[in-house]
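Just so you know, we're using UniProt numbering here: the sequence shown kicks off at 1 and counts up by one. Glycine included, each C-beta is placed from N, C-alpha and C at the ideal position. Computed from a predicted model, the values in this text were never measured in an experiment. In what follows, a single structure is set out as structure tokens and then discussed.
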Amino acid sequence: MAEHVIKVLNNLIETSKNGEKGFAAAAEDAKAPEMQELFRNRSRDCAAGATELQTLVTQLGGEPEDSGTVAGAMHRGWTNIKAAVSSRTDLTLLEECEKGEDVAKADYEKALKETLPDNVRAVIERQYQGVLRNHDQIRDLRNRFRAAT
Numbered sequence: 001m002a003e004h005v006i007k008v009l010n011n012l013i014e015t016s017k018n019g020e021k022g023f024a025a026a027a028e029d030a031k032a033p034e035m036q037e038l039f040r041n042r043s044r045d046c047a048a049g050a051t052e053l054q055t056l057v058t059q060l061g062g063e064p065e066d067s068g069t070v071a072g073a074m075h076r077g078w079t080n081i082k083a084a085v086s087s088r089t090d091l092t093l094l095e096e097c098e099k100g101e102d103v104a105k106a107d108y109e110k111a112l113k114e115t116l117p118d119n120v121r122a123v124i125e126r127q128y129q130g131v132l133r134n135h136d137q138i139r140d141l142r143n144r145f146r147a148a149t
């Protein structure tokens with residue numbers, strides 16, 4: 001059981017690390033100061049979530065992940081290429097971040113379908129609620145930016 005739980009947690013750590021790096025990159029590229037701050041805050045939230053999950057893995061006797069996935073790196077690489085050939089606007093950054101949050105939502109939903117100890121489930125559920133809030137905030141901002149253009 002512990003091995004399975006560690007695997008589930010490590011998958012979510014990778015998801016969180018992808019978010020941390022993705023939001024940090026978005027913060028660097030954002031034009032509006034409020035967008036920079038939003039993305040920096042989201043990056044810090046993802047980092048804190050990863051740290052919390054890493055602690056659980058260690059408590060279960062496992063080796064916690066400490067990086068994101070190849071897919072996450074590829075997504076960031078694609079967005080960097082996309083930025084090189086088109087002008088990257090705050091709207092395109094919001095669209096890319098929303099895609100990343102869609103992946104995070106799916107990863108957390110998958111994890112919550114697993115058999116998990118109550119304490120682990122509680123942490124994952126709380127973090128999932130944060131992912132949902134982040135996703136909805138990014139989506140709402142994206143919709144406002146679209147309406148303004």
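Within 8 Å, strictly: CB atoms of residue i and residue j
i, j, result
"residue 43", "residue 28", "no"
"residue 30", "residue 23", "no"
"residue 32", "residue 90", "yes"
"residue 142", "residue 94", "yes"
"residue 224", "residue 108", "With the chain covering 1 to 149 only, the question about residue 224 has no answer from this structure."
"residue 8", "residue 125", "no"
"residue 153", "residue 130", "The first residue shown for the chain is 1 and the last is 149, placing residue 153 beyond what the model contains."
Length of the line joining the Cα atoms of residue i and residue j
i, j, result
"residue 139", "residue 145", "10 Å"
"residue 64", "residue 35", "31 Å"
"residue 17", "residue 117", "23 Å"
"residue 134", "residue 119", "23 Å"
"residue 88", "residue 41", "20 Å"
"residue 4", "residue 37", "37 Å"
"residue 52", "residue 10", "11 Å"
Three-state secondary structure (DSSP) of residue i
i, result
"residue 66", "coil"
"residue 1", "coil"
"residue 49", "helix"
"residue 31", "coil"
"residue 100", "helix"
"residue 61", "coil"
"residue 116", "coil"
"residue 89", "coil"
"residue 55", "helix"
"residue 149", "coil"
Nearest-angstrom Cβ-Cβ length linking residue i and residue j, presumed shorter than 8 Å
i, j, result
"residue 60", "residue 2", "5 Å"
"residue 50", "residue 13", "5 Å"
"residue 132", "residue 105", "7 Å"
"residue 96", "residue 26", "7 Å"
Take every Cβ of the segment 97-111, pair it with every Cβ of the segment 48-66, and state whether three or more of those distances are shorter than 8 Å.
-> Verdict: no, contact absent.
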